[in-house]
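Residue numbers (this note's numbering): 106 to 255. C-beta atoms are modelled at their ideal positions from N, C-alpha and C, and glycine is treated no differently. The structure under discussion appears below in the form of structure tokens.
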Amino acid sequence: MLRFDPFSDLDSVARGLLTNQAGSSRAPRFMPMDLYKVDDHYVLTADLPGVDPGSVDVGVDNGTMTITAHRTARSEESVQWLSNERFSGTYRRQLSLGEGVDAEKITATYENGVLTITIPLAERAKSRRIEVTHAAQARSIEPTTVDADN
């Protein structure tokens, strides 16, 4: 059964003009992520479903962390697309790291379409308890007598 939609061609043309893309390849728009702090480290999780695991790259340069990943487009020429909504191409996101993190100890894992990056705090940035010492009194208090006649 065929369904006639007079606006489908117009919608397709408008989408192509607004996104500045032709054909079926679509570039990723963004990389959704969460960032939170747990104890003495930060945890960043980013959704990257369907990316090629070998293409995931995390690098740090001059206090900027760059996350890059690639999802390969389906390359079959004989395919007649009925719907093509999944993005393909390269994802990239950059975050500025503060001076309080230990960039040398950052770790990353990619599992089930989720990239998890652990960013530990530098020793100097960790909260610590400061011991308070009590100074001895400089002079001793001597009892004084009060003269009742005055």
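Item                                                                                                                                                                   : Value
So, for His175: in the same chain, excluding its five sequence neighbours on each side, which residues have a beta-carbon less than 8 Å away from its beta-carbon?     : Val156, Asp157, Ser160, Gly194, Thr195, Tyr196
Alpha carbons only, please: which of Asp166, Thr171, Pro225 is nearest the one belonging to Lys210?                                                                    : Pro225
Using the Cα positions of Ser180 and Thr173, report the straight-line distance between them to the nearest angstrom.                                                   : 22 Å
Quick test of your reading: Met170 and Ala151, contact by CB under 8 Å. State the CB separation rounded to the nearest angstrom.                                       : Contact doesn't hold; Cβ gap of about 11 Å is too wide.
So, are the CB atoms of Ala208 and Val163 less than 8 Å apart?                                                                                                         : no
So what does DSSP say about Gly218, is it helix, strand or coil?                                                                                                       : coil
For Val206, which residues of its own chain have a beta-carbon under 8 Å away from its beta-carbon, when the five flanking residues on both sides are left out?        : Tyr147, Ile224, Pro225, Leu226, Ala227, Ala230
For Gly168, collect the residues of the same chain with a Cβ closer than 7 Å to its Cβ; drop the 5 residues on either side in sequence, then sort them by chain order. : Ser201, Leu202
Compare the Cα-Cα distances from Met136 to each of Thr238, Val237, Val219 and report the closest residue.                                                              : Val219
Can you give me the Cβ contacts of Val143 inside the same chain, cut-off strictly under 7 Å, excluding the 5 residues immediately before and after it?                 : none
Please determine, among Val165, Gln199, Phe192, Arg234, the residue with the shortest C-alpha to C-alpha distance to Pro154.                                           : Phe192
Helix or strand or just coil, what does DSSP make of Pro225?                                                                                                           : strand
Tell me whether the beta-carbon of Leu149 lies closer than 8 Å to the beta-carbon of Ile235.                                                                           : no
List the endpoints of the continuous beta strand (DSSP E) containing Asp144.                                                                                           : Counting along the chain, Asp144 falls outside any beta strand (DSSP E), and DSSP gives it neither H nor E.
Considering Cα atoms alone, identify which of Ala240, Trp186, Asn217, Gln199 is closest to Val165.                                                                     : Gln199
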